[in-house]
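The sequence shown begins at 37 in the working numbering and counts up by one.
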Amino acid sequence: KPVVAIVGRPNVGKSTIFNRIVGSRISIVEDIPGVTRDRIYSSGEWLTHEFNIIDTGGIDIGDEPFLEQIRQQAEIAIDEADVIIFLTNGREGVTSADEEVAKILYKAKKPVVLAVNKIDNPEMREQIYDFYSLGFGEPFPISGSHGLGLGDLLDEAAKHFPKSGQKDYGDDVIKFSLIGRPNVGKSSLVNAILGEDRVIVSNIAGTTRDAIDSELKFNGDQYVIIDTAGMRKKGKVYETTEKYSVLRALRAIERSDVVLVVIDGEEGIIEQDKRIAGYAHEAGRAVVIVVNKWDAVEKDEKTMKAFEEQIREHFLFLDYAPIVFLSAKTKKRIHTLIPMINKACENHSLRVETSVLNDVIMDAVAMNPTPSDKGKRLRIYYVTQVAVKPPAFVVFVNDPELMHFSYLRFLENRIRDAFGFEGTPIRIFARERK
Ligand code: GDP
């Protein structure tokens with residue numbers, strides 16, 4: 037999908053516009069209880085166009101001076117985006133900070149669409165003419181708070197979308213990526229996998245803007261590794277800005293069926309690992325937790341168990357993900373990765389039989405009565421699987437208000453007990469039967 041970035045000095049309304057554009061999408065996702073929500077990156081739709089959009093204002097640059105922050109955000113946008121929306125504020129006119137942003141964008145050689153925000157009514161339209169001076173042609177008047185003008189703006193942006201984006205692999209190709217903070221050993225793992233005995237590497241040429249795709253075959257099955265790690269060493273911003281690597285990770289996750297969340301066994305789990313793992317979970321991808329550098333850990337017979345408990349404690353939301361302890365360096369247990377990826381992928385697209393599913397749920401209800409409120413009891417009529425990748429279930433009930441999160445969780449666990457689903461998240465919703 038093409039990538040659109042919103043750039044501009046603080047307070048021009050970047051996040052408002054971002055939320056407007058992705059609005060409907062995000063509210064769907066919000067049904068799902070999650071651990072983290074990062075709003076800097078999301079997908080949007082306009083007419084027949086689908087695209088991804090970045091709010092660079094949400095990228096935390098740290099304690100740099102004001103102008104330096106703007107500069108870094110703009111550079112990220114230039115690097116990441118196919119089209120840049122340069123946002124300004126019609127109520128304040130052209131400021132020197134706008135001019136600074138403009139200077140950086142001139143050099144970008146990427147299409148820039150200039151938008152003037154906070155033009156809330158037609159009388160204010162005259163305000164936009166000043167903005168021609170920024171040198172990006174016709175300014176588009178918009179109003180984030182009223183949702184005006186966004187259609188025209190997106191039409192203009194869509195004119196600049198590249199003809200074909202990233203390479204699309206067939207549905208029979210298993211796509212997986214490795215995510216994790218810097219230095220956990222992602223690149224080393226990719227090399228270890230590619231160097232495996234029975235792995236036939238067919239192509240490593242698929243370098244895209246944000247990742248290197250390696251195509252490989254194992255036991256007759258085709259895979260693609262989406263490797264973001266190698267791109268990291270390009271410049272200063274890449275290393276200093278955590279959210280920037282997060283952006284990369286999010287893009288890789290989006291293209292993956294299975295995500296390997298890599299943890300450094302030597303250093304243990306830190307907060308950043310948790311956030312990164314949260315993205316994979318929220319995106320609904322299959323997940324395998326990989327503890328790398330296990331060779332470097334001093335251990336006895338209890339060490340692995342203890343580490344596993346730590347992982348479970350820190351990543352409560354990933355209770356479905358299998359864990360593997362291995363070493364990219366010594367290659368120990370590297371060969372177990374692909375079978376685990378296969379299994380997780382299979383479960384991710386598993387469809388269960390409706391009648392068996394309903395038997396499982398009815399047994400569960402018999403065991404643990406449904407919640408009730410003010411004398412009204414929740415009634416479950418039936419359950420149906422509505423989607424795969426990840427598997428999603430709808431529970432039809434008399435009144436969804438009576439459904440507790442904990443009861444849904446209970447049902448989810450019964451479904452897992454009955455069908456497995458190891459390695460994949462499950463979505464489960466209550467809906468009223470009409
Ligand atoms: P990335 O940033 O996640 O891609 O990490 P790299 O693959 O660049 O690895 C970071 C460092 O960890 C390098 O110095 C590697 O040699 C080292 N490393 C990677 N895997 C292992 C491992 O399994 N065991 C040990 N002891 N070191 C490793």
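Even for Gly, the Cβ is constructed at its ideal location relative to N, Cα and C.
The structure presented is a predicted model; accordingly, all values stated were derived computationally and were not measured.
Distance, residue j Cα to residue i Cα
i	j	result
L447	A400	7 Å
V392	V433	18 Å
T339	D355	19 Å
I121	D166	17 Å
G231	V360	19 Å
E205	R413	Note that residue 205 is Tyr in the sequence shown here, rather than Glu. Cα to Cα, the separation comes out at about 48 Å.
T406	E437	12 Å
E458	A313	16 Å
F429	T390	10 Å
V273	E104	With a pLDDT of only 48 at V273, under the threshold of 50, the placement of this residue in the model should not be trusted, and no figure is reported.
V226	E307	24 Å
A423	R387	8 Å
A194	S213	29 Å
K365	I462	34 Å
G256	F455	27 Å
V333	S78	38 Å
P427	D453	15 Å
E135	L170	7 Å
M376	A41	36 Å
G411	N449	27 Å
K154	I370	55 Å
S51	A402	48 Å
A466	N394	14 Å
K470	N88	36 Å
R161	L150	14 Å
I112	N404	52 Å
L352	E344	12 Å
H350	T92	29 Å
F54	E159	25 Å
V396	E318	26 Å
I236	R311	33 Å
K264	G80	Note that residue 264 corresponds to Thr in the displayed sequence, not to Lys. Near 23 Å, if we compare the C-alpha coordinates of G80 and T264.
R287	E128	35 Å
E382	I262	19 Å
D191	L83	9 Å
Residue i burial status per 10 Å Cβ neighbour count (16 or more: buried)
i	result
N328	buried
N47	exposed
S222	Note on residue identity: the sequence assigns Lys, not Ser, to residue 222. Classification of K222: buried, given that the 10 Å Cβ count is 16 or more.
S442	exposed
G49	buried
R45	buried
I64	Summary for I64: the model assigns pLDDT 35, below 50, so the residue's position carries little reliability, and this model does not support an answer.
S132	exposed
E174	exposed
Y315	buried
A138	buried
Y142	exposed
M398	exposed
G180	buried
N157	exposed
Simplified DSSP assignment, three categories, for residue i
i	result
D156	coil
K211	strand
D355	coil
Y168	helix
F457	coil
S292	coil
G304	coil
F465	strand
V40	strand
I229	helix
V48	coil
Y77	strand
L529	No statement about residue 529 is possible, as the shown extent of the chain runs from 37 to 470 and does not include it.
E251	strand
E224	Checking the sequence shown, residue 224 turns out to be Ser, not Glu. Three-state result, S224: helix.
H196	coil
L83	coil
I261	strand
I178	coil
V235	coil
Chain D contact for residue i (CB, 8 Å cutoff)
i	result
G126	Included in the structure is just one protein chain, with no chain D present.
inquiry  = Report the start-end ranges of each alpha helix (DSSP H) in the segment 387–455 that is 4 residues or longer and not cut off at the edges.
reply    = 390–403 and 441–455
Segments of 4+ residues assigned as alpha helix (DSSP H) that fall wholly inside the segment 87–156 = 102–116 and 132–142
* Asked: Taking contact to mean at least 3 C-beta pairs separated by less than 8 Å, is the segment 282–301 in contact with the segment 317–324?
  -> The segment 282–301, when compared against the segment 317–324, does touch it at the 8 Å Cβ threshold.
*asked:* Contact between the segment 136–149 and the segment 181–188 is defined here as three or more beta-carbon pairs at a separation below 8 Å; is this criterion met?
replied: no
message: I'd like the ranges of any alpha helix (DSSP H) spanning at least 4 consecutive residues and lying wholly in the segment 305–376.
response: 307–318 and 339–350
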